[in-house]
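Under the numbering used here, the residue at position 221 of the sequence shown is numbered 248, and the numbers go up by one with no gaps.
Note that the Cβ used here is the ideal one computed from N, Cα and C, for glycine as well.
This report refers to the structure that appears directly beneath it.
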Amino acid sequence: MGNYYLCQVKKAKNPYYIESISANIYTIEELCYYLKENIYLIDKTLINEKLCDWIRDELGLKKLYKRLYEQLEREESIGNFILPIFKEIGYLSHQEFKNLQEKIVQIEIQPDDIRRKLKADYLLEYKMYINAISEYSRILQERNPGNMGIQFYASVLNNMASAYAQLFLFEEAADCLWQSYGIVKSKETYKRYLNCLVICLPPARCDEKFKELKVPDELRQKIQARVKEISISAKESARAGELSEIPMEEIVESLKKEYHKSTCS
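Now the structure itself:
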């Protein structure tokens, strides 16, 4: 059973928006919980003057505001910056904070691109796909193969493809996989790319593309059989009543529309 923390300070009238998870927080307890549970997401988008001002103006914690602002001016490490926040309400024991700080130090010593990828991979793991894609895009826009090596960016593209696929955006996923394959000729990446083509292209166009790529008949048949298995699995799922007579292409298109509808403001 997790620890329970009694709310000790007032709730903010205006919440603080945490960009990385697209969420609002209203209390210092919520801030402490976020910092403790999401260390891979702690960066300058959170640790900044705006957070300090919110703590002063919305929570009325002027002494804490002063300590944090001084930390910013001295350009202290993230670990040193967040310590006063936890101490304000005794959220962590000494050992808990020591363990947390050690993890943060291990992250901070990594190059910028690796830190960003750790953040993006964390977002992907916890199904925050749009934010993960945004982070992967930043890495690719500012890429420097001389620093990280081409395999690193191939891995970024592979993971970005996974995020797109989870959103049923298979054309975008296929594009990422093709770029990754162009960097590192991985058989697994190539197979994933072909799988995406079968899902996102009309059958006739898919056949043309496979011919252009000179895909062996045996491999083509295996991929098509795999996609058929996925289609059958979908039909046997909890939504089988709706999907039983619907081809795979229509299933995917329907799920795409549902996703886009759910994200409309």
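Sort the options by Cα distance to residue i and report the nearest one.
i, options, result
"G4", "E129, I141, R253, E76", "Nothing can be reported for residue 4: it is not among the residues displayed for the chain, which extend from 28 to 292."
"V254", "K238, L228, K241", "L228"
"N126", "I82, I112, S47, G106", "G106"
"K218", "I250, R83, I82", "I250"
"V132", "Y60, E46, I66, S47", "I66"
"S213", "L196, F237, N185, A231", "N185"
"E169", "N75, V183, Q128", "V183"
"I48", "I55, S120, N41, I69", "I69"
What three-state label does DSSP hand residue i in the structure shown?
i, result
"N51", "strand"
"Y44", "strand"
"R170", "coil"
"Q206", "helix"
"V254", "helix"
"L196", "coil"
"P230", "helix"
"K37", "coil"
At what residues does the alpha helix (DSSP H) containing residue i begin and finish?
i, result
"I69", "No alpha helix (DSSP H) contains I69, which DSSP labels as neither H nor E."
"L91", "89-100"
"Q137", "Premise fails: Q137 is in no alpha helix (DSSP H) and is neither H nor E."
"L110", "105-116"
"L78", "76-84"
If the criterion is Cβ atoms closer than 8 Å, does the pair residue i and residue j meet it?
i, j, result
"Y220", "A201", "yes"
"L240", "C233", "no"
"G87", "K37", "yes"
"L58", "C79", "no"
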